[in-house]
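Let me begin by presenting the structure, written as C-alpha cells, before commenting on it.
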Amino acid sequence: MVEKFIEVENAMLWTKKRGDGIPVILISGGPGTCNYLEPLSTLIENFCKVIMFDPRGCGRSTYDGEGYDLKICLQDIERIRCEYGIEKWVVIGHSWGADLGLAYSLIYSHSILGYVSISGTGIQNDRDWKNAYNRNKAEMGEVIPDFEYEDNKIVHRSLIDSWRQYIKNPNLLKDISHLELPSLFIYAENDIRPSWSIKQISNLINISKYIELKGAEHYIWLTKQNKLGEVLGDFIKKFK
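Numbering (my numbering), first residue to last: 878 to 1117.
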C-alpha cells in the first residue's frame, strides 16, 4: 500500500494505491464526499493496482474554500494517472462518481481500458426521477456506509451546478453513442433511485452490458459484496 499527495493547480490531492496488476481508479460519488470505496478495493486488489483519492476540498485533500467545476475534476483524475505512470486504466465510479467517470471516458478516451458504472444516476435532471427518489427515500430509506469525513457542501453545490450545465451539451448523447469502449453498468434491484436513466446510457454504447443485482441496494458492497466482486472480476480480468 502506498499513500501520497499529488500536487495539482491550487490543491494537493490525497491518493492511495493498493494491490498490483490491472490499473484501476475508483471514483466516489457525492459530489463533495471523501473516498469511501476502500471496501470495493478489497474485492479486486488481488489482481488490480487500485488507485483511490479524495477529491480536492474533500477528506484529506486540501481546499482553498472555493467551489470548482467538472473540468477541474477531470483534469485532477488525469493528473493522478500521469503521476502514477499509468498508460491506461479501468475507470470505476459509484453514484455521481460513475457519471463523472462517463465524462472522463468521453474527454480522455485515450487513457481508458474500460469503464464501469456502479449505481450511477445518468444524464438527466428529471423532475419525475427526483420525485421518485425522494418518495422512496422517505418511505424506504437506505443503508449508508460510515464516511470518514464530512461532506463539503460548497464543493457539492458547485459540481452539481456544473454537471447540470454539462449535460445540456446538444451533442452529448451523440458523443456517448460513438464511444467504442468496453463498458459495464451495474445497478441494484432495491436502489431507491430509478434505473431508467442508466439503462438508456447502457443502450447507447455498443460495447456495453447492463447487470442488475437482485436484493442489492445503492451501496451494493454492503448487501451483495461477493456477487459484486464476481461481476467486477469477470469484466476487469479481460484486460490482462
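Beta carbons: idealized from backbone N, C-alpha and C, even for Gly.
From a predicted model like this one, the values you see are computed outputs, not experimental measurements.
| query | Hey, quick one: how far does the alpha helix (DSSP H) through His1033 stretch, first residue to last? | reply | Taking the first residue of the sequence shown as position 1, residue 1033 is located at position 156. Lys1030 to Tyr1043 is the extent of the alpha helix (DSSP H) around His1033.
| task | Please go through the same chain and pick out, in chain order, the residues whose beta-carbon is closer than 6 Å to the beta-carbon of Asn1029, but skip the five residues on each side of it. | result | Mapped onto the sequence shown, residue 1029 falls at position 152. So the list reads Gly909, Gly934 and Cys935, once near-sequence residues are dropped.
| Is Ile1084 buried or exposed, if buried means 16 or more other CB atoms sit within 10 Å of its CB? | Residue 1084 sits at position 207 when you count from the first residue of the sequence shown. With fewer than 16 Cβ atoms within 10 Å of its Cβ, Ile1084 is classed as exposed.
| query | Taking the alpha carbon of Asn912 as the point to measure from, which residue in Asn887, Val901 and Ser938 has its own alpha carbon closest? | reply | Residue mapping note: residue 912 aligns to position 35 of the sequence shown, counting from 1. Nearest of Asn887, Val901 and Ser938 to Asn912, Cα basis: Ser938.
| said: Among Glu915, Trp1098 and Ile1037, whose alpha-carbon lies nearest the alpha-carbon of Gly999? | reply: Taking the sequence shown and counting its residues from 1, the one referred to as residue 999 is at position 122. Checking every option, the nearest Cα to that of Gly999 belongs to Ile1037.
| In chain order, what residues of the same chain have a beta carbon less than 7 Å from the beta carbon of Trp1073, not counting five sequence neighbours either side? | Counting from 1 along the sequence shown, the entry for residue 1073 is found at position 196. Correct list: empty, nothing qualifies.
| field | contact_flag[the segment 1011–1023, the segment 975–994] where n(CB pairs < 8 Å) is 3 or more | value | The segment 1011–1023 vs the segment 975–994: no contact.
| Given 8 Å, three or more beta-carbon pairs between the segment 889–905 and the segment 919–934 | Remark: three or more beta-carbon pairs, one from each stretch, lie closer than 8 Å, so the segment 889–905 and the segment 919–934 are flagged as touching.
| According to DSSP, is Glu1094 helix, strand or coil? | To locate residue 1094, count along the sequence shown from 1; it is residue 217. It is coil, neither helix nor strand.
| said: Just to confirm before moving on: does the CB-CB distance between Glu1094 and Asn1067 stay below 8 Å? | reply: Walking along the sequence shown from the start, residue 1094 turns up at place 217. Walking along the sequence shown from the start, residue 1067 turns up at place 190. Here Glu1094 is near Asn1067, since their CB atoms are less than 8 Å apart.
| message | Quick check on the burial criterion: 16 or more other C-beta atoms within 10 angstroms. Buried or exposed for Asp953? | response | Locating residue 953 in the sequence shown gives position 76, counting from the first residue. Asp953 comes out buried.
| query | By Cβ distance below 6 Å, which residues in the same chain neighbour Cys925 in space, the five residues on each side in sequence not counted? | reply | As a position in the sequence shown, residue 925 is number 48, starting the count at 1. Answer for Cys925: Gly896, Gly898, Ile899 and Val901, listed in chain order.
| request: With DSSP collapsed to three states, give me the class of Glu943. | output: In the sequence shown, the residue the question calls residue 943 occupies position 66. The three-state reading of DSSP puts Glu943 in coil, since its state is none of H, G, I, E or B.
| field | CB of Leu951 within 8 Å of CB of Asp1052, strictly | value | Stepping through the sequence shown from its first residue, residue 951 is reached at position 74. Stepping through the sequence shown from its first residue, residue 1052 is reached at position 175. Contact: no.
| Those runs of the alpha helix (DSSP H) which lie wholly inside the segment 983–1024 and span at least 4 residues | Considered as a whole, the segment 983–1024 harbours 1004–1016 as its complete alpha helix (DSSP H) runs of no fewer than 4 residues, in chain order.
| message | For a test of the three-state rule: what should DSSP assign to Ile954, helix, strand or coil? | response | Reading the sequence shown from its first residue, position 77 is the one you call residue 954. Looking at Ile954 - three-state DSSP - the assignment turns out to be helix.
| Neighbourhood of Leu1061 by C-beta distance below 6 Å, restricted to the same chain and skipping five residues each side | Taking the first residue of the sequence shown as 1, we reach residue 1061 at position 184. Take Leu1061, set aside five residues on each side of it, and the residues of its chain with a beta-carbon closer than 6 Å to its own are Val993, Lys1086 and Phe1112, in chain order.
| request: From the DSSP output, read off the bridge partner residues of Thr892. | output: Stepping through the sequence shown from its first residue, residue 892 is reached at position 15. DSSP output for Thr892 lists Lys881 and Phe930 as bridge partner(s).
| field | Inter-residue CB distance, Thr1100 and Gly1110 (contact presumed, cutoff 8 Å) | value | Walking along the sequence shown from the start, residue 1100 turns up at place 223. Walking along the sequence shown from the start, residue 1110 turns up at place 233. No, Thr1100 and Gly1110 are not in contact; Cβ-Cβ is about 18 Å, not under 8 Å.
| query | If we call anything under 8 Å between Cβ atoms a contact, is Ile883 one with Arg956? | reply | Here residue 883 refers to the residue found at position 6 when the sequence shown is read from its first residue. Here residue 956 refers to the residue found at position 79 when the sequence shown is read from its first residue. Contact: yes.
| Can you name the residues that DSSP bridges to Ala1065? | Numbered from 1 along the sequence shown, position 188 holds the residue referred to as residue 1065. Ala1065 is bridged by DSSP to Leu1090.
| said: I need the boundaries of the alpha helix (DSSP H) containing Gly1110, first residue and last residue. | reply: Translated into positions along the sequence shown, residue 1110 becomes position 233. Start and end: Gln1102 to Ile1113.
| Buried versus exposed call for Val879 [16 or more other C-beta atoms within 10 Å across all chains shown] | Within the sequence shown, the letter at position 2 stands for residue 879. Classification for Val879: exposed.
| query | What does Trp973 pair with, by DSSP beta-bridge criteria? | reply | Here residue 973 corresponds to residue number 96 of the sequence shown, with the count starting at 1. DSSP lists no partner for Trp973.
| task | Pull up the distance between the alpha-carbon of Lys881 and that of Glu964, whole angstroms please. | result | Locating residue 881 in the sequence shown gives position 4, where the first residue counts as 1. Locating residue 964 in the sequence shown gives position 87, where the first residue counts as 1. Cα to Cα, the separation comes out at about 19 Å.
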